[in-house]
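What follows is one structure encoded as structure tokens, with my remarks underneath.
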């Protein structure tokens, strides 16, 4: 039988990994907003060095969700909601992990 301490430790670890991933998703949202609002934006080398790992880590789930969820058409604008769905999914998983922490 698995002890409650082991379950709690695993749940706490999962919770903090999800928390870190949530921060990376927030950073990706900020980077994408900077790029979309400033079309002439040419990132300095240090910015690209920071942004690249963030996109590498967050790209797989975002691309998978983009294939499943089409952009929301609002007049002449298409709104990509995949990143929002990912944000909510991570929050729900954190809630579930928190339930197992004693």
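Residue numbers (the UniProt record's numbering): 1 to 102. Even glycine gets a Cβ: it sits at the ideal position worked out from N, Cα and C.
Per DSSP, reduced to three states, the secondary structure at residue 73 is strand.
Shown here for residue 85: same chain residues with a beta carbon closer than 8 angstroms to its own, the five before and five after excluded, namely 65, 69 in chain order. Looking only at 3, 6, 12, the smallest Cα-Cα distance to residue 93 is reached by 12. When the five nearest sequence neighbours on each side are left out, the beta carbons in the same chain lying within less than 8 angstroms of the beta carbon of residue 4 are those of 102, in order along the chain.
Of 91, 2, 73, 32, the smallest CA-CA separation from residue 51 is found for 32. Counting only runs that start and end inside the region 40–89, the alpha helix (DSSP H) elements of at least 4 residues fall at 45–68. With contacts defined as CB atoms closer than 8 angstroms, residue 25 and residue 100 fail to qualify as a contacting pair.
Assignment of residue 4 by DSSP, reduced to helix, strand and coil, places it in the helix class.
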